[in-house]
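S.K.: My questions all concern the structure below.
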Amino acid sequence: MINKNDLVINENKIKTFRWLFYISLFQLLACFIFPVIRFPIQVLLSIELLNALTVGLLFGLYFLGVNIYGIFIDNRRRPIYIVIVIFISVWTIWTIITWLYIEHMYYLT
Amino acid sequence: MLKQHPFLRALFIFFRSWIIAIIALLILYFVWLREWQMTWGSTTEEVSRYMAGDELLEDPALNATRAVEIKAPPEQVWPWLVQMGYKRAGLYSFGKLDNGGMPSAERIIPEYQNLKVDDFILPLLKVVEMEPNKSMLWVFQKGAGPWQNATWSWGLYKTNSGHTRLVSRLRQQYTFNSIQEIITWVIIDPMEIFMMRTTLLGIKRRVESN
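Spelled out as structure tokens, the structure:
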């Protein structure tokens, strides 16, 4: 038999998780919005790409961890977390390939 | 109390997990990654060998010797080195970041081949020594922000097979006069390898494909 208290605790856990999701999403978005404010337009694309390949990915990996956790505890939004996990995994693979063969990435160098 | 406020609890988890992650990253960086990235591509001999400008800074905090082997003699690598610079051929680094919004050159540019001592590579990076086809020393000048007290030395060594070992040595004495400087070093110390590696590999690709 399901205890009412257990349901409340579980509901709180999901609420806490969702806040964690929003905070880490905000962190990730802020990382990419900051250069828009700080750098001139001529170099903005290069800055954002470098960001995506370094610090941005670090925040992305944090967000990936949050979303993997979400897949297991928040059933109702599971499809969203799965899509995000796939997206960040592709981003990570792109980063690894880019750094391995950076001299051949003509659009970057 | 925290358990009753999901937002506060989430914020607590967020900061706690970042503190753990940062400690783990710092341990990983200082125990293994830093040594590896500071000597990327170079041999033990290249790391310990004297290079131009070593005498200018005693025991610098950042002492990075990186190298690549280029399938061409030093005479073919040298023209790509001397044309480097801001609003010249670029630094063959990342995107348009090092050349005022212009991409780095993909060919040898004759008008930038007459580099000499006292010329500037970047606005505050001056050529101090050069021995054609062998070595070149650039020194950051006063006013170069976090980069003052830094030297950037290049060495070209011919191998037995007629190839070139292109060695770059970046030396920097950190100063900790303000919070801004400390933050700058925390960012530059692990990040500078990304640009330097791109530069070295960028030169290699350009020389070998030309």
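Residue numbers (the numbering used here), protein chains in the order written: chain A, 64 to 172; chain B, 804 to 1013. For each residue, glycine too, the CB sits at the ideal point set by N, CA and C. Just so you know, these numbers come straight off a predicted model, no measurement behind them.
1) Is the CB of Thr846 of chain B under 9 Å away from at least one CB in chain A?
2) According to the neighbour-count rule (16 or more other Cβ atoms, all chains shown, within 10 Å of its Cβ), is Ala93 of chain A buried or exposed?
3) Give me the Cα-Cα distance between Leu892 of chain B and Ala908 of chain B, rounded to the nearest whole angstrom.
4) So, with DSSP's three-state summary, where would you put Gln983 of chain B?
5) Under 8 Å by Cβ, that's how I've got Leu112 of chain A and Leu171 of chain A pegged, so tell me the actual separation to the nearest angstrom.
6) Under 8 Å Cβ-Cβ, which residues of chain B neighbour Leu113 of chain A?
7) Which chain B residues are close to Lys75 of chain A, counting only those with a beta carbon under 9 Å from its beta carbon?
8) Measuring straight from C-alpha to C-alpha, what distance separates Pro935 of chain B and Tyr164 of chain A?
9) Can Ile826 of chain B and Tyr895 of chain B be called in contact, C-beta distance under 9 Å?
10) Taking the beta strand (DSSP E) that Phe122 of chain A falls in, what are its first and last residues?
11) I'd like to check one pair, Leu859 of chain B with Leu959 of chain B: are the Cβ atoms closer than 9 Å?
12) Using the C-alpha atoms, what's the distance from Gln944 of chain B back to Ser87 of chain A?
13) Looking at the structure shown, is Trp941 of chain B part of a helix, part of a strand, or coil, going by DSSP?
14) Fully enclosed by the segment 854 to 896 of chain B, which alpha helix (DSSP H) runs are 4 residues long or longer?
15) Any beta-carbon of chain B closer than 9 Å to the one on Ser152 of chain A?
16) Can you name, in chain order, every residue of its own chain whose Cβ lies under 6 Å from the Cβ of Leu928 of chain B, other than the five neighbours on each side?
17) Take Thr117 of chain A as the anchor and find which of B:Ile991, B:Val1010, B:Leu1004 and B:Asn1013 has the nearest alpha-carbon.
18) Shortest alpha-carbon distance to Pro863 of chain B belongs to which of B:Ser964, B:Thr1001 and B:Ala953?
19) So, is the C-beta of Val106 of chain A closer than 9 Å to a C-beta in chain B?
20) On the premise that Gly133 of chain A lies in contact with Ile151 of chain A, defined as a C-beta separation below 8 Å, what is that separation, rounded to the nearest angstrom?
21) Can you check DSSP and say which residues form a bridge with Lys961 of chain B?
22) Please name the residue, chosen from B:Leu811, B:Ile822, B:Leu828 and B:Ile823, that lies closest to Phe80 of chain A on a Cα-to-Cα basis.
23) At a Cβ cut of 9 Å, what residues of the segment 77 to 88 of chain A count as close to chain B, listed as they run along the chain?
24) Let me make sure I understand the geometry here. Which of B:His966, B:Asp857 and B:Arg1000 has the alpha-carbon closest to that of His167 of chain A?
25) Is it right to say Gln807 of chain B is buried, meaning 16 or more other beta carbons lie within 10 angstroms of its own, or is it exposed?
26) Note down, in chain order, each residue of its chain lying with its Cβ closer than 8 Å to the Cβ of Leu127 of chain A, except the 5 sequence neighbours on either side.
27) For Glu838 of chain B versus Thr868 of chain B, is the C-beta distance shorter than 9 Å?
28) Between the alpha carbons of Pro809 of chain B and Tyr144 of chain A, how many angstroms are there, rounded?
29) Output yes if chain B places a C-beta closer than 9 Å to the C-beta of Ile110 of chain A; else output no.
30) Here's the rule: buried if 16 or more other CB atoms are within 10 angstroms of the residue's CB, otherwise exposed. What is Phe84 of chain A?
31) Chain B partners of Ile165 of chain A, CB-CB under 9 Å?
32) Helix, strand or coil for Arg910 of chain B per DSSP?
33) Under 7 Å Cβ to Cβ from Gly965 of chain B, same chain only, skipping five residues before and after it: list those, please.
M.R.: With the given structure in hand:
1) The sequence position of residue 846 of chain B within the second sequence is 43, counting from 1. No - not a single Cβ of chain A is within 9 Å of the one on Thr846 of chain B.
2) The residue given as residue 93 of chain A occupies position 30 in the first sequence. By the 10 Å Cβ count, Ala93 of chain A comes out exposed.
3) Mapped onto the second sequence, residue 892 of chain B falls at position 89. Mapped onto the second sequence, residue 908 of chain B falls at position 105. In the sequence on display, residue 892 of chain B carries Ala and not Leu. Rounded to whole angstroms, Ala892 of chain B to Ala908 of chain B spans 5 Å at the Cα level.
4) Taking the second sequence and counting its residues from 1, the one referred to as residue 983 of chain B is at position 180. DSSP places Gln983 of chain B in helix when its eight states are reduced to three.
5) Your numbering for residue 112 of chain A matches position 49 in the first sequence. Your numbering for residue 171 of chain A matches position 108 in the first sequence. Leu112 of chain A to Leu171 of chain A, Cβ: 6 Å. Contact.
6) Here the question's residue 113 of chain A lines up with position 50 in the first sequence. What Leu113 of chain A touches in chain B: Phe897, Gly898, Leu900 and Phe997.
7) For the purposes of this step, residue 75 of chain A is taken as residue 12 along the first sequence, with counting starting at 1. In the sequence as displayed, the identity of residue 75 of chain A is Asn instead of Lys. Within chain B, the residues near Asn75 of chain A are Lys806, Gln807, Pro809 and Arg812.
8) The sequence position of residue 935 of chain B within the second sequence is 132, counting from 1. The sequence position of residue 164 of chain A within the first sequence is 101, counting from 1. Distance between the alpha carbons of Pro935 of chain B and Tyr164 of chain A: 30 Å.
9) Translated into the one-based positions of the second sequence, residue 826 of chain B becomes position 23. Translated into the one-based positions of the second sequence, residue 895 of chain B becomes position 92. Their beta carbons are not under 9 Å apart, which means Ile826 of chain B does not touch Tyr895 of chain B by this criterion.
10) Reading the first sequence from its first residue, position 59 is the one you call residue 122 of chain A. That residue, Phe122 of chain A, is in no beta strand (DSSP E); its alpha helix (DSSP H) goes Val118 to Ile136.
11) Sequence index remark: in the second sequence, residue 959 of chain B carries index 156 (1-based). Sequence index remark: in the second sequence, residue 859 of chain B carries index 56 (1-based). Leu959 of chain B places its beta carbon 9 Å or farther from that of Leu859 of chain B.
12) Translated into positions along the first sequence, residue 87 of chain A becomes position 24. Translated into positions along the second sequence, residue 944 of chain B becomes position 141. Distance between the alpha carbons of Ser87 of chain A and Gln944 of chain B: 41 Å.
13) Here residue 941 of chain B refers to the residue found at position 138 of the second sequence. Note: Trp941 of chain B maps to strand in three-state DSSP.
14) 877 to 885
15) Here residue 152 of chain A corresponds to residue number 89 of the first sequence, with the count starting at 1. So no, Ser152 of chain A is outside the interface.
16) In the second sequence, the residue the question calls residue 928 of chain B occupies position 125. Contacts found: Trp941 and Phe943.
17) Taking the first residue of the first sequence as 1, we reach residue 117 of chain A at position 54. The residue with the shortest Cα to Cα distance from Thr117 of chain A is B:Ile991.
18) Along the second sequence, one-based indexing puts residue 863 of chain B at 60. Comparing Cα positions, the closest option is B:Ala953.
19) For the purposes of this step, residue 106 of chain A is taken as residue 43 along the first sequence, with counting starting at 1. Chain B contact via Cβ: present.
20) What you label residue 151 of chain A is simply residue 88 of the first sequence in a count that begins at 1. What you label residue 133 of chain A is simply residue 70 of the first sequence in a count that begins at 1. For a cut-off of 8 Å, the C-beta gap from Ile151 of chain A to Gly133 of chain A is around 12 Å, too long to register as a contact.
21) The residue given as residue 961 of chain B occupies position 158 in the second sequence. According to DSSP, Lys961 of chain B bridges with B:Thr967.
22) Reading the first sequence from its first residue, position 17 is the one you call residue 80 of chain A. Nearest option by C-alpha distance: B:Leu811.
23) Residues Ile77, Lys78, Thr79, Phe80, Arg81, Trp82, Leu83, Phe84, Tyr85, Ile86 and Ser87.
24) Your numbering for residue 167 of chain A matches position 104 in the first sequence. For the residues B:His966, B:Asp857 and B:Arg1000, the minimum Cα distance to His167 of chain A belongs to B:Arg1000.
25) Here residue 807 of chain B refers to the residue found at position 4 when the second sequence is read from its first residue. By the 10 Å Cβ count, Gln807 of chain B comes out exposed.
26) Position 64 of the first sequence, counted from the first residue, corresponds to residue 127 of chain A. Same-chain partners within the cutoff: Ile147, Val148, Ile151, Ser152 and Thr155.
27) Within the second sequence, residue 838 of chain B is the residue found at index 35, counting from 1. Within the second sequence, residue 868 of chain B is the residue found at index 65, counting from 1. No. Outside cutoff.
28) On the second sequence, residue 809 of chain B is found 6 positions in, with the first residue counted as 1. On the first sequence, residue 144 of chain A is found 81 positions in, with the first residue counted as 1. Each residue's Cα considered, the two are about 20 Å apart.
29) As a position in the first sequence, residue 110 of chain A is number 47, starting the count at 1. Interface flag for Ile110 of chain A against chain B is set, since a Cβ pair is found closer than 9 Å.
30) Along the first sequence, one-based indexing puts residue 84 of chain A at 21. Buried, by the Cβ-count rule.
31) As a first step, residue 165 of chain A must be located in the first sequence, where it is residue number 102. Residues of chain B passing the Cβ test: Phe897, Phe997, Arg1000, Thr1001, Leu1004 and Gly1005.
32) Taking the first residue of the second sequence as 1, we reach residue 910 of chain B at position 107. Looking at Arg910 of chain B - three-state DSSP - the assignment turns out to be coil, as it is neither helix nor strand.
33) Stepping through the second sequence from its first residue, residue 965 of chain B is reached at position 162. Pro876, listed in sequence order.
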